[in-house]
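Inspection log for the structure reproduced underneath, given as structure tokens.
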Amino acid sequence: MSGLDDERECVERASRGDAAAIGELYRRYAPAVFRYLFYRLGDRQFAEDLTSEVFVRALEALPRYRVRGRPFSAWLYRIAGARVADHYRQRRRHPVVPLIWEPSARGADPGEAVESRLTAELLQRAIVRLTPLQQQVIVLRFLEGLSHREVAQIVGRSEGAVRVLQFRALKALRRLLAGEF
Amino acid sequence: MNVRQKAELLARSLEKGPADAFLSGDADLRSLHDLGQELRQVRHPELDTAALIAGAARVREALWARRRSDRAGRPRWFVRLAWSALALLLLLVVTTTGTALAAESSLPGQPLYPVKRASEAIRLALTWQTEGRAWLQIEFAERRLAEVAAVCGEGECPTDLLDDLGVQTQEAQEEVARLPVDKSAALLDRMVALTGHQEQVLSRILETAPDAAHPGLERALERSQHGHERAQQARKKGQQEEKGQENSPAVPTHVHKPTKAPHGPPITPPGKGSKKP
Chain H
1 MSGLDDEREC
11 VERASRGDAA
21 AIGELYRRYA
31 PAVFRYLFYR
41 LGDRQFAEDL
51 TSEVFVRALE
61 ALPRYRVRGR
71 PFSAWLYRIA
81 GARVADHYRQ
91 RRRHPVVPLI
101 WEPSARGADP
111 GEAVESRLTA
121 ELLQRAIVRL
131 TPLQQQVIVL
141 RFLEGLSHRE
151 VAQIVGRSEG
161 AVRVLQFRAL
171 KALRRLLAGE
181 F
Chain Y
1001 MNVRQKAELL
1011 ARSLEKGPAD
1021 AFLSGDADLR
1031 SLHDLGQELR
1041 QVRHPELDTA
1051 ALIAGAARVR
1061 EALWARRRSD
1071 RAGRPRWFVR
1081 LAWSALALLL
1091 LLVVTTTGTA
1101 LAAESSLPGQ
1111 PLYPVKRASE
1121 AIRLALTWQT
1131 EGRAWLQIEF
1141 AERRLAEVAA
1151 VCGEGECPTD
1161 LLDDLGVQTQ
1171 EAQEEVARLP
1181 VDKSAALLDR
1191 MVALTGHQEQ
1201 VLSRILETAP
1211 DAAHPGLERA
1221 LERSQHGHER
1231 AQQARKKGQQ
1241 EEKGQENSPA
1251 VPTHVHKPTK
1261 APHGPPITPP
1271 GKGSKKP
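Read top to bottom, the protein sequences are chains H and Y.
Okay, so the first sequence: first residue is 1 according to our numbering, each after it adds one.
Okay, so the second sequence: first residue is 1001 according to our numbering, each after it adds one.
Okay, here's the thing in structure tokens:
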């Protein structure tokens, strides 16, 4: 049985209220959902809380979920993305987190600066300054390792549009990390 | 190259590499490619085990809540509404019951006495069975008697109070009379006891009451005596009927038994035992 078939069976059992299947889906996808939320929100505690909330929402919506050849994770990312959007909407604006960047990096070659200083914390602080779509593309493509097609399914754009988004997002991220904002 | 072309090139280099084959001569694209590769190397924060367990517990709780909700077969808004209504009712019951309980021992003329009477009216209105209503009417008649004893024992004996006693006793008797014999025996016993006690209490009050109160008390006493007689008669009649039912042999259904008219001789059907003129 392939991974996708296994996942499909698990999802079908979960949609019928099978507690073991729901637990399996949670164990399998909670870490990835957490990473996605962490990078997009910039708050570890909040990301942890929201991770379980995403699964609670998914649990409520599972009876209406239809397997259409897309990975289950794509659906979870969509729910997580909607929760992030809700969060930002509630705050009315994007959080402005000051990016700590050492002065010595200014004016240096962007590539070198990134290579030497890139950490999860720094990256996260830069990511929250991107547009919501750019955030999703960066997190899903590079941090979660999804393909262009999978990202396109999650964000609801064409693959070509995702490639352009990726290009612009990387440029914006490079600028942010180089301290040019 | 326009943006789209650059984006396509970058995407291909990131997916297939090596970068040099696609990005030779373009430092900007090469830099973006390197950044993308670097992003893949970042050590990501992990979800704590404690947070993972706590989250799992939350999801499990949501699952149980959904199962409970499914079992109830009602939408959640209904459940919430029902709980709200129940809480409100509870609050109402607690507050009103407290007042009603405090009013139980109140006497005519006291502030809580109307609450006591209203509470009695509600109890009566909520009781649908005749037997239950009869018991309640007797209980209320006993209360009126206790009130008369308490108030009239102080010296004054308002006519309204005595009238209330008479009316309540009569209503109790009428309610008992609606019941069949097999269900009214205990009630009739209680009724006899009540009216007998009324006579004793009223007689005692009459002995010490001021002259002005005598006419009202005497009328009340007469009503009470009359009620006592009626209760005794009804009980005696009930006992006789019960005894008759126990002693009478089984009557074959094909034999026509003469029927007794309420106030006259037995009615004999024509052609059976009667002589033609």
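Built from N, CA and C at the ideal position, the CB exists for glycine as well.
Top-ranked residue by Cα proximity to residue 168 (chain H), from Y:1002, Y:1001 and Y:1007: To locate residue 168 (chain H), count along the first sequence from 1; it is residue 168. Per the Cα distances, Y:1007.
C-alpha distance - residue 1042 (chain Y) paired with residue 35 (chain H), whole-angstrom precision: Taking the first residue of the second sequence as 1, we reach residue 1042 (chain Y) at position 42. Taking the first residue of the first sequence as 1, we reach residue 35 (chain H) at position 35. The straight-line gap from Cα to Cα measures roughly 12 Å.
Residue of Y:1240, Y:1033, Y:1228 and Y:1097 minimising C-alpha distance to residue 1182 (chain Y): Here the question's residue 1182 (chain Y) lines up with position 182 in the second sequence. Among Y:1240, Y:1033, Y:1228 and Y:1097, the Cα nearest to that of residue 1182 (chain Y) belongs to Y:1240.
Short-range partners of chain Y found in the stretch 23 to 57 of chain H, where Cβ spacing is below 7 Å: 23, 26, 30, 31, 34, 35, 38, 44, 48, 51, 52, 55 and 56
Proximal residues to residue 40 (chain H) (C-beta, below 6 Å), its chain only, five neighbours per side dropped: Position 40 of the first sequence, counted from the first residue, corresponds to residue 40 (chain H). The answer, listed in chain order, is 84 and 135.
Given residue 1225 (chain Y) as reference, the closest of Y:1085, Y:1202 and Y:1109 once Cα atoms are compared: In the second sequence, residue 1225 (chain Y) corresponds to position 225, counting from 1. Answer by Cα proximity: Y:1202.
Positions along the stretch 1022 to 1039 of chain Y whose CB lies within less than 7 Å of some CB in chain H: Cβ contacts with chain H come from 1031, 1032, 1034, 1035, 1036, 1038 and 1039.
Chain H contact for residue 1117 (chain Y) (CB, 8 Å cutoff): Reading the second sequence from its first residue, position 117 is the one you call residue 1117 (chain Y). So, not an interface residue.
Where residue 158 (chain H) falls: helix, strand or coil (DSSP): Locating residue 158 (chain H) in the first sequence gives position 158, where the first residue counts as 1. If DSSP states are grouped into helix, strand and coil, residue 158 (chain H) belongs with coil.
Inter-residue spacing [alpha-carbon to alpha-carbon] between residue 89 (chain H) and residue 79 (chain H): Numbered from its first residue, the first sequence carries residue 89 (chain H) at position 89. Numbered from its first residue, the first sequence carries residue 79 (chain H) at position 79. C-alpha separation (whole angstroms): 15 Å.
Rounded separation between residue 1124 (chain Y) and residue 1171 (chain Y) - CA only: Locating residue 1124 (chain Y) in the second sequence gives position 124, where the first residue counts as 1. Locating residue 1171 (chain Y) in the second sequence gives position 171, where the first residue counts as 1. Using only the alpha carbons, I get a separation of about 12 Å.
Classification of residue 1036 (chain Y) by the beta-carbon crowding that lies within 10 angstroms, buried from 16 upward: Numbered from 1 along the second sequence, position 36 holds the residue referred to as residue 1036 (chain Y). Buried: at least 16 other Cβ atoms inside 10 Å.
Opening and closing residue of the alpha helix (DSSP H) in which residue 1110 (chain Y) lies: By one-based count along the second sequence, residue 1110 (chain Y) stands at place 110. Note, residue 1110 (chain Y): premise wrong, no alpha helix (DSSP H); not H, not E.
Nearest-angstrom beta carbon gap, residue 42 (chain H) and residue 125 (chain H) [assumed within contact, 8 Å]: For this step, residue 125 (chain H) is matched to residue 125 along the first sequence. For this step, residue 42 (chain H) is matched to residue 42 along the first sequence. At roughly 7 Å, the Cβ-Cβ gap stays under 8 Å, so residue 125 (chain H) and residue 42 (chain H) are in contact.
Partners in chain Y for residue 19 (chain H), counting only beta-carbon separations shorter than 8 Å: As a working mapping, residue 19 (chain H) is identified with position 19 in the first sequence. Residues of chain Y whose Cβ lies closer than 8 Å to the Cβ of residue 19 (chain H) are, in chain order, 1060 and 1063.
Cβ contact (3+ pairs, closer than 8 Å) linking the stretch 1217 to 1236 of chain Y and the stretch 1161 to 1179 of chain Y: yes
Range of the contiguous alpha helix (DSSP H) that encloses residue 147 (chain H): Here residue 147 (chain H) is taken as the residue at index 147 of the first sequence, counted from 1. First-last for residue 147 (chain H): undefined, no H or E at that position.
Proximity to residue 150 (chain H) [Cα-Cα], best of H:160, H:22, H:71 and H:123: Counting from 1 along the first sequence, the entry for residue 150 (chain H) is found at position 150. For the residues H:160, H:22, H:71 and H:123, the minimum Cα distance to residue 150 (chain H) belongs to H:71.
Residue-level contact to chain Y via CB, residue 167 (chain H), 8 Å cutoff: What you label residue 167 (chain H) is simply residue 167 of the first sequence in a count that begins at 1. It does; some Cβ of chain Y falls within 8 Å.
Selected residue, minimal CA-CA separation from residue 1052 (chain Y), among H:69, H:25, H:160 and H:166: Counting from 1 along the second sequence, the entry for residue 1052 (chain Y) is found at position 52. Residue 1052 (chain Y) has its Cα closest to that of H:25, out of H:69, H:25, H:160 and H:166.
Chain Y contacts from the stretch 79 to 93 of chain H (Cβ-Cβ distance under 8 Å): none
Residue 49 (chain H) (DSSP reduced to helix, strand or coil): Counting from 1 along the first sequence, the entry for residue 49 (chain H) is found at position 49. The answer is helix: DSSP assigns residue 49 (chain H) an H, G or I state.
Contacting residues, own chain, Cβ-Cβ under 7 Å from residue 1104 (chain Y) (five flanking each side not counted): On the second sequence, position 104 is the one that residue 1104 (chain Y) refers to. Cβ neighbours of residue 1104 (chain Y) beyond the five flanking positions: 1116.
Member of Y:1029, Y:1146, Y:1066 and Y:1005 whose CA lies at the smallest distance from the CA of residue 22 (chain H): In the first sequence, the residue the question calls residue 22 (chain H) occupies position 22. Taking only the C-alpha atoms, the option nearest residue 22 (chain H) is Y:1066.
Burial state of residue 1014 (chain Y) (16 or more Cβ within 10 Å): Indexing the second sequence from 1 puts residue 1014 (chain Y) at position 14. When all chains shown are included, residue 1014 (chain Y) counts as buried.
Residue of H:175, H:174, H:164 and H:176 minimising C-alpha distance to residue 1010 (chain Y): Taking the second sequence and counting its residues from 1, one reaches residue 1010 (chain Y) at position 10. Distance from the Cα of residue 1010 (chain Y) is smallest, within the candidate group H:175, H:174, H:164 and H:176, for H:164.
Cutoff 8 Å: residue 164 (chain H) Cβ touching any chain Y Cβ: If you number the first sequence from 1, residue 164 (chain H) lands on position 164. Closer than 8 Å to some Cβ of chain Y, the Cβ of residue 164 (chain H) qualifies, so yes.
Local conformation of residue 1129 (chain Y) per DSSP, three classes: On the second sequence, residue 1129 (chain Y) is found 129 positions in, with the first residue counted as 1. Residue state, collapsed to three classes: coil.
Extent of the continuous alpha helix (DSSP H) run through residue 1001 (chain Y): Your numbering for residue 1001 (chain Y) matches position 1 in the second sequence. No alpha helix (DSSP H) contains residue 1001 (chain Y), which DSSP labels as neither H nor E.
Beta-carbon proximity check, residue 1194 (chain Y) vs residue 1141 (chain Y), cutoff 8 Å: Indexing the second sequence from 1 puts residue 1194 (chain Y) at position 194. Indexing the second sequence from 1 puts residue 1141 (chain Y) at position 141. The answer is yes: Cβ separation under 8 Å.
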